[in-house]
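Under the working numbering, think of the first position of the sequence shown as 24, with each following residue one higher.
Using N, Cα and C, we set each Cβ at its ideal position, and we do this for glycine too.
This report concerns only the one structure given below.
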Amino acid sequence: MSMSTSTPPPKKSSNRKLLRDLKNEPVNSPSSPISHIANSLQSRASRTTETYTAFGATKKMFEACQLQADYKIPQASQPRGVVPKTAHGEDLGVGEGAWYKELGLLPTFSTWSQITFLHMYLLTVRLRALPSPESFRTYSQHLLDNFSHNAEHRMTIYHGMTMRGIRNRYLKDLFIQWRGVLAAYDQGLVSGDAVLGAAVWRNIWKASHVDPNAGGDGNVPEEMDWRKVAAVVGYMRRVLVELSRVPHEGLVDLVVGKKVFGLTRQDWGLVGTVYHLCVIQRT
24 MSMSTSTPPP KKSSNRKLLR DLKNEPVNSP SSPISHIANS LQSRASRTTE
74 TYTAFGATKK MFEACQLQAD YKIPQASQPR GVVPKTAHGE DLGVGEGAWY
124 KELGLLPTFS TWSQITFLHM YLLTVRLRAL PSPESFRTYS QHLLDNFSHN
174 AEHRMTIYHG MTMRGIRNRY LKDLFIQWRG VLAAYDQGLV SGDAVLGAAV
224 WRNIWKASHV DPNAGGDGNV PEEMDWRKVA AVVGYMRRVL VELSRVPHEG
274 LVDLVVGKKV FGLTRQDWGL VGTVYHLCVI QRT
């Protein structure tokens, strides 16, 4: 006699009980299986949507940050081109804009990275006001990722760093610098313009008492012009105020539309109020 190996049908009473339980359980009840599934899917969809939104928004905002001190090295793409060097051995490029023309900074990778960091910091302060810590972490991480990608690209095309291991070491060092920038500028915002000015001087002017363009020929004054540091402090204060006034949904348009970044006469007008503080702090 053969034995059946098929699974016996469930008892009708069990089916009726299951249907009765599902029927009696409200769909929107917290304990409902359907409610749990719906909430889980909604949560995942929200996180995915925010991630894509953050990626696109931070890419646009980072572009505005990095353009402030953008530079090029034409010789890097020329056959047998010789890249000029600064007095400290850095690759010297060609740059436009107020940071180079008015403040007299040298168009190098380190200058670009520090000025980009400064603008990323201003955005980070504003992003801290996002509705949740998770949103802030998502946006700030994408902002930093954009910097890393751009920095690595510059290392390759402008500075001949073809070995990935070398680029990774530089990127790790830049990440450490970024953490230092956050701490230094945060302290400056809390402690006052003198402390903020000292942080700007250390990061952007490399704590030098000599003008970056001074060549010893007398054409450029040797002594550091502290009014330039004071102008950057005033600029940072102004931008932070303007960023704080815009709602979350208008942040990208404000930054990308060239309505907030960039030194203005207003920033130079604030020099007198912070100049003497910067001089006192550096002594």
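Under the DSSP definition of a beta bridge, which residues are partnered with residue i?
| i | result |
| --- | --- |
| residue 114 | 108 |
| residue 308 | Outside the shown range of the chain, which is 24 to 306, sits residue 308, and nothing can be said about it. |
| residue 144 | Answer is none; residue 144 lacks a bridge partner. |
| residue 246 | 233 |
| residue 95 | 117 |
Where residue i and residue j are concerned, what is the direct C-alpha to C-alpha distance, given to the nearest angstrom?
| i | j | result |
| --- | --- | --- |
| residue 213 | residue 149 | 15 Å |
| residue 117 | residue 130 | 6 Å |
| residue 147 | residue 106 | 34 Å |
| residue 281 | residue 87 | 8 Å |
| residue 77 | residue 246 | 44 Å |
| residue 287 | residue 253 | 13 Å |
| residue 73 | residue 154 | 12 Å |
| residue 248 | residue 141 | 20 Å |
| residue 255 | residue 124 | 14 Å |
| residue 109 | residue 133 | 12 Å |
| residue 164 | residue 234 | 35 Å |
| residue 217 | residue 204 | 16 Å |
| residue 264 | residue 283 | 10 Å |
| residue 292 | residue 270 | 27 Å |
| residue 101 | residue 273 | 42 Å |
| residue 143 | residue 169 | 11 Å |
| residue 176 | residue 156 | 30 Å |
| residue 201 | residue 193 | 12 Å |
Spatial neighbours of residue i within its chain, please: CB distance less than 7 Å, with the 5 preceding and 5 following residues excluded, ordered by chain position.
| i | result |
| --- | --- |
| residue 230 | 224 |
| residue 261 | 289, 290 |
| residue 158 | 73 |
| residue 178 | 184, 190, 193 |
| residue 82 | 169 |
| residue 197 | 136, 174 |
Quick one: give me the first and last residue of the alpha helix (DSSP H) that residue i is part of.
| i | result |
| --- | --- |
| residue 289 | 288-292 |
| residue 284 | Neither: residue 284 is in no alpha helix (DSSP H) and is coded neither H nor E. |
| residue 179 | 156-180 |
| residue 277 | 274-279 |
| residue 307 | Any answer about residue 307 is impossible in this case: the structure gives the chain only from 24 up to 306. |
| residue 230 | Premise fails: residue 230 is in no alpha helix (DSSP H) and is neither H nor E. |
| residue 121 | 121-124 |
Suppose the cutoff is 6 Å on Cβ atoms and the five residues either side in sequence are ignored; what does the same chain contact list for residue i look like?
| i | result |
| --- | --- |
| residue 104 | 98 |
| residue 227 | 137 |
| residue 251 | 126 |
Can you tell me whether residue i is buried or exposed? The criterion is at least 16 other CB atoms within 10 Å of its CB, across all chains shown.
| i | result |
| --- | --- |
| residue 182 | buried |
| residue 80 | buried |
| residue 186 | exposed |
| residue 85 | buried |
| residue 10 | Missing from the structure shown is residue 10; the chain here goes from 24 to 306 and no further. |
| residue 152 | exposed |
| residue 96 | buried |
| residue 221 | buried |
Are any of the Cβ atoms in chain D nearer than 8 Å to that of residue i?
| i | result |
| --- | --- |
| residue 134 | The structure shown contains no chain D, having only a single protein chain. |
Just to confirm my understanding: we take residue i, look at its own chain, exclude 5 residues before and 5 after, and list those with CB closer than 8 Å. What are they?
| i | result |
| --- | --- |
| residue 161 | 73, 74, 77 |
Could you tell me whether any non-hydrogen atom of the ligand MG is closer than 7 Å to the CB of residue i?
| i | result |
| --- | --- |
| residue 96 | You won't find the ligand MG in this model; it holds no ligand whatsoever. |
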